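>
Numbering (full-length UniProt numbering), first residue to last: 1 to 1095.
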């Protein structure tokens, strides 16, 4: 396909996905009372007689408004049930085949924001894209374009109708106009049966609320922007690979024997990154994890593109990401170490100024060599983002032997995570409140509001600011972040007694202190500090190289062995050729002696004998005379004939004799060549044995257990025992690499110290962009430099896909160095588009055999949309996920999945270390065809669950109410009572179900401290004890067959449980259904004690 055609196809794919998102708006917020004075109040009021929140009759008048706050109102107008839209589209385009869980969503016709006085906020009007699409279908208009234009027109109409203080009549008029304008008035019905819903929230008057669309899909604008970019020919390498079809013939199947040498090469010690995570007990990555990290760095480290990593449950995805993050931080430290001076980290004449409402802000452009190391973790799953981002800084995520040396702004890391931290290594962005909280904590050192009202961050911040001023006035020392706990800092500003340590200060104060300190340093002193930091870093790298110097020899040995084996193969082949040729010569000689020589010799002798006889019979004189010379003539004629026969026989005899001599000479020559080649082969074999012995000794010394099999048989070693170990276990090497990471962070910190002024300016700039300021006049380079400065301080930032554009919208195409997507199998393909467009490199980690993306649009509508955009069925969002598209673009991987239904996945992680054996075996059997390796370690006795009942099945059967089976609820109550009596903590129990009906009924049963919900809410989570309440209507097979239609739901359910997994349902029914019929032996029937049943 030509590039122009490919670009058009990619644009069409994105526009198709954009159309799908028009039918997936946000749900309107549910009515709720306030839990505190700073929370939002959400109330309904009938459209027929609305009590608007700024009018005296509104209930809002009775609500407390904190001092210094004003009300901000968001209207969700004319709420309707989205199932009505789905039903109409079903009539228009066809029905959905098979059972599907009900997808109830309350949507609004339009939304708008209002001030406390009742004035509509300019440009806040938003049309519902779903209602707009429905109107287009109902009126027969083209739905592939026009939404943005119609929204703009409707917004202008709203601005005209709602001038001044808005009245109920004006809102009713606008609502009626919108219904008619969209063409949905007749279908949705009269207004009087519907409501206005207002969300009223106290806000600071000088802090305007977010301008985010409160109604439609968060992806809508992002997809439109990317489609326009593709139309202009602007794209990133990851997105380009994501939107291409890939040739399956170019793939390397890591399970094939032919992959042995590439695998060995990719696992060589010199391929490892120079730095790694300072992991607990200094444990390294196991084979599959290290192969993934090395492949990522080898493939993308100095380039760009996209890779997929297959991460089944409990296989250490976060552990892998930690080492990758450490490697990237190390790479940026390499770039810093190349700077002659710290000031070279900024370009000359790179100062820029801009303003926002009269406030001036300065920015400084970074040296471009420091671009490309930004790390963003993204996911469609809020829990996945939080899990990784909040775990990285926690104190127990590094080995305690590194503390306090490894501490890196530890106090600020603790403010970010809310738990004891070792460093400010990551932070969560996302919604505006999250972004603001992040800035408040890392930069201003603000603690969470003591009273629990996080919404009142400004009040808390003001209180802490006053406390800071008081401390400064009192002259009491405050400990600055960045220095080790309980240790003397590297400079006098951090040199203070531990007893006088006060609460942590933000990075702003730390930078301010170093700005003052730098004024007292002359250039030589600054340079000495920089050179010392670089030297310390380079020394750590040298020590790491020294630690693995012996192991690194393996590449040379393997290279020599390969070369000797290739030469040996060539020589052996040559010898076989010589031997074959010799055999051919001997055969020919034998045949010559047996078949041709005797006849030729006989013919020659016969010709001589005949000629001799003929000479003896020569006619005499008288005979010739009497015959008048005829006898002589006849005799001469015969003589000539016989002489000719003799000559022919002689020539043939001579030819055969010469041929025999030639063949014999050839035989002797070949035997000499064979002798010489055999000598060479023996020498090469001896050389190979010596090299193999040396390599085997080195592999044994370094516990490279995958190598001996290849050294002996040319096939890399495989098996559970090998998968459970590190590819190379060299004493002290892991610690030396971890020290490189620690020194890399120290080098970064020295850079911040010496360039505190410019770093402070850039961080002020990026903080403003994150919290809502819109500076006018900064160049893209200045904005990118501000982002890069933040990523230097906080190496990892995160966001959900829904909030990605709001968090990183000021970054352009390919300006994020590394995008790491977690739980990518749960993300619909369109969710990742904007993030991929902004990234230079992308690694998507997930598993197509766990939960798939939730697509609320029916299959028939998706198919209709696809044909309108002329897009192949391959790109249907109900067939693909972000993970499956990334896997397809990954050349190294395997076929994975249940037997008979395997699919290609990118580099697979295989060692499972979460669940006890029954749950691991269940998932392995139904989903992975035995490919997962069991590596779970039993907890210490004091950490083992107290549940006395073993994993198994709790029998319960009876009539159903929808998908809820009351008998299963009774069994659950008995089981929970037993678990609590055993001493199992409620927080250690999770109750899950495939069905929303069951989830709704569970609210009446489970303890407040227990986690419960549908299986879809549990991916990425775990618990010591998990109970699955099956449910499912007993009136028909559809719902229960849906549960077992694919292994994904049962796979996720079982692998949430670390120590116990209980299934509650009708065993007699489920044992006859697919999946369950294969694993009933792993879920033995468990009887609840009779004593418990009587209670």
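Note that CB positions come from ideal geometry on N, CA and C, so glycine has one too. Quantities reported herein were computed from a predicted structural model and do not represent experimental measurements.
Spatial neighbours of residue 364 within its chain, please: CB distance less than 7 Å, with the 5 preceding and 5 following residues excluded, ordered by chain position.
Numbered from 1 along the chain shown, position 364 holds the residue referred to as residue 364. Cβ neighbours of residue 364 beyond the five flanking positions: 346, 350, 351, 758, 761, 762, 785.
> By a C-beta neighbour count over all protein chains shown, 10 Å radius and 16 as the cutoff for buried, is residue 690 buried or exposed?
Here residue 690 refers to the residue found at position 690 of the chain shown. Exposed, because fewer than 16 other Cβ atoms sit within 10 Å of the Cβ of residue 690.
> Since I believe residue 801 is in contact with residue 842 (beta carbons under 8 Å), could you give me their beta-carbon distance rounded to a whole number of angstroms?
If you number the chain shown from 1, residue 842 lands on position 842. If you number the chain shown from 1, residue 801 lands on position 801. That belief does not hold up - the Cβ atoms of residue 842 and residue 801 are roughly 13 Å apart, past 8 Å.
> Which residue marks the beginning of the alpha helix (DSSP H) containing residue 807, and which one marks its end?
Locating residue 807 in the chain shown gives position 807, where the first residue counts as 1. 804 to 808 is the extent of the alpha helix (DSSP H) around residue 807.
> In the structure shown, what three-state DSSP assignment does residue 117 receive?
Within the chain shown, numbered from 1, the residue matching residue 117 stands at position 117. Here residue 117 sits in coil by DSSP.
> In the DSSP assignment, what are the bridge partners of residue 310?
Translated into the one-based positions of the chain shown, residue 310 becomes position 310. For residue 310, which the question treats as bridged, DSSP gives the partners 846, 908.
> Run through DSSP, which three-state label would residue 617 get?
Here the question's residue 617 lines up with position 617 in the chain shown. Under the three-state reduction of DSSP, residue 617 is assigned to coil, being neither helix nor strand.
> Per DSSP, residue 81 forms a beta bridge with which residues?
By one-based count along the chain shown, residue 81 stands at place 81. 106.
> Which runs of the alpha helix (DSSP H) spanning at least 4 residues fall entirely within the stretch 199 to 237, listed in chain order?
220 to 231
> Counting only the same chain and skipping the five closest in sequence on each side, list residues whose C-beta sits under 7 Å from that of residue 723.
Residue mapping note: residue 723 aligns to position 723 of the chain shown, counting from 1. So the qualifying residues of the chain are 286, 287, 288, 910, 911, 933.
> Residue 16 bridges to which residues according to DSSP?
In the chain shown, residue 16 corresponds to position 16, counting from 1. Partner(s): none; residue 16 has no beta bridge.
> Could you check where the beta strand (DSSP E) with residue 955 kicks off and where it finishes?
Position 955 of the chain shown, counting from 1, holds the residue named residue 955. Looking at the DSSP string, the run of the beta strand (DSSP E) that includes residue 955 is 952 to 955.
> Enumerate in chain order the residues of its own chain whose CB-to-CB distance from residue 490 is below 6 Å, with the five nearest sequence positions on each side excluded.
The residue labelled residue 490 in the question sits at position 490 within the chain shown. Bear in mind that the predicted position of residue 490 carries a pLDDT of just 34, short of 50, making it unreliable; the figure below should be weighed with that in mind. Correct list: empty, nothing qualifies.
> Taking the beta strand (DSSP E) that residue 361 belongs to, which residues open and close that run?
Your numbering for residue 361 matches position 361 in the chain shown. Taken as a continuous stretch (DSSP letters only), the beta strand (DSSP E) holding residue 361 covers 359 to 366.
> For residue 1077, is the classification buried or exposed, using 16 other Cβ atoms within 10 angstroms of its Cβ as the cut-off for buried?
Numbered from 1 along the chain shown, position 1077 holds the residue referred to as residue 1077. Residue environment: residue 1077 is assigned as exposed (fewer than 16 neighbouring CB atoms within 10 Å of its CB, all protein chains considered).
> To which residues of the same chain is residue 791 closer than 6 Å at the C-beta, ignoring the five residues directly before and after it?
As a first step, residue 791 is located in the chain shown; it is residue number 791 there, counting from the start. Taken in chain order, the residues that qualify are 374.
> Does residue 825 come out as helix, strand or coil in the three-state DSSP assignment?
Numbered from its first residue, the chain shown carries residue 825 at position 825. In the structure shown, residue 825 sits in a helix (DSSP, three-state: H, G or I).
> To which residues does DSSP link residue 903 through a beta bridge?
For the purposes of this step, residue 903 is taken as residue 903 along the chain shown, with counting starting at 1. 896, per the DSSP bridge assignment.
> What separation, rounded to the nearest whole angstrom, lies between the Cα atoms of residue 862 and residue 1087?
Here residue 862 is taken as the residue at index 862 of the chain shown, counted from 1. Here residue 1087 is taken as the residue at index 1087 of the chain shown, counted from 1. In a straight line, the C-alpha of residue 862 is about 47 Å away from that of residue 1087.
> How would you label residue 621, buried or exposed, when you count the other beta carbons within 10 angstroms and need 16 or more for buried?
For the purposes of this step, residue 621 is taken as residue 621 along the chain shown, with counting starting at 1. When all chains shown are included, residue 621 counts as exposed.
> Just to confirm my understanding: we take residue 692, look at its own chain, exclude 5 residues before and 5 after, and list those with CB closer than 7 Å. What are they?
Residue 692 sits at position 692 when you count from the first residue of the chain shown. For residue 692, where only same-chain residues beyond five positions count, the Cβ hits under 7 Å are 561, 711.
> Report the three-state DSSP secondary structure of residue 1025 (helix, strand or coil).
Here residue 1025 corresponds to residue number 1025 of the chain shown, with the count starting at 1. In the structure shown, residue 1025 sits in a strand (DSSP, three-state: E or B).
> Any idea if residue 104 is buried or exposed, counting beta-carbon neighbours within 10 angstroms, 16 or more meaning buried?
The sequence position of residue 104 within the chain shown is 104, counting from 1. Residue 104 should be labelled exposed.
> Taking CB distances under 7 Å as the criterion, tell me whether residue 727 reaches chain C.
Given the protein chain composition of this structure (a single chain), no chain C is represented.
> How is residue 1014 classed by DSSP in three states: helix, strand or coil?
Walking along the chain shown from the start, residue 1014 turns up at place 1014. Residue 1014 falls in the strand class under three-state DSSP.
> Counting along the chain, where does the alpha helix (DSSP H) carrying residue 412 start and finish?
Here residue 412 is taken as the residue at index 412 of the chain shown, counted from 1. Element bounds for residue 412: 410 to 417.
> Could you round the C-beta distance between residue 296 and residue 716 to whole angstroms and report it? I think they count as a contact, below 8 Å.
Numbered from 1 along the chain shown, position 296 holds the residue referred to as residue 296. Numbered from 1 along the chain shown, position 716 holds the residue referred to as residue 716. Actually they are not in contact, since the Cβ atoms of residue 296 and residue 716 sit about 20 Å apart, beyond 8 Å.
> If you draw a straight line from the alpha carbon of residue 261 to that of residue 894, how long is it in whole angstroms?
On the chain shown, residue 261 is found 261 positions in, with the first residue counted as 1. On the chain shown, residue 894 is found 894 positions in, with the first residue counted as 1. Rounded to the nearest angstrom, the gap between the Cα atoms of residue 261 and residue 894 is 16 Å.
> Taking the alpha carbon of residue 853 as the point to measure from, which residue in 837, 796, 962, 832 has its own alpha carbon closest?
For the purposes of this step, residue 853 is identified with residue 853 of the chain shown, where counting begins at 1. Minimum Cα distance to residue 853 is reached at 832.
> Which of the three DSSP states, helix, strand or coil, is assigned to residue 523?
Position 523 of the chain shown, counted from the start, is the residue given in the question as residue 523. Correct three-state label for residue 523: helix.
> Does the stretch 904 to 923 come close enough to the stretch 1052 to 1059 that 3 or more CB-CB pairs lie under 8 Å?
Yes: the two stretches touch, three or more of their Cβ pairs being nearer than 8 Å.
> Would you mind working out which of 734, 1067, 676 sits nearest residue 281, comparing C-alpha positions?
In the chain shown, counting from the first residue as 1, residue 281 sits at position 281. Of the candidates 734, 1067, 676, the one whose C-alpha sits nearest the C-alpha of residue 281 is 734.
> Quick one: residues in its chain with C-beta nearer than 6 Å to the C-beta of residue 60, no 5 flanking neighbours on either side, listed in chain order?
Sequence index remark: in the chain shown, residue 60 carries index 60 (1-based). The answer, listed in chain order, is 53, 200.
> Smallest Cα separation from residue 249: which of 892, 158, 322, 985?
Along the chain shown, one-based indexing puts residue 249 at 249. Nearest option by C-alpha distance: 892.
> Assuming residue 686 is part of the alpha helix (DSSP H), what are its boundary residues?
Within the chain shown, numbered from 1, the residue matching residue 686 stands at position 686. Element bounds for residue 686: 630 to 701.
> Write down the C-beta distance between residue 811 and residue 836 rounded to the nearest angstrom, noting that I regard them as a contact closer than 8 Å.
The residue given as residue 811 occupies position 811 in the chain shown. The residue given as residue 836 occupies position 836 in the chain shown. Wrong, their Cβ atoms sit about 13 Å apart, outside the cutoff.
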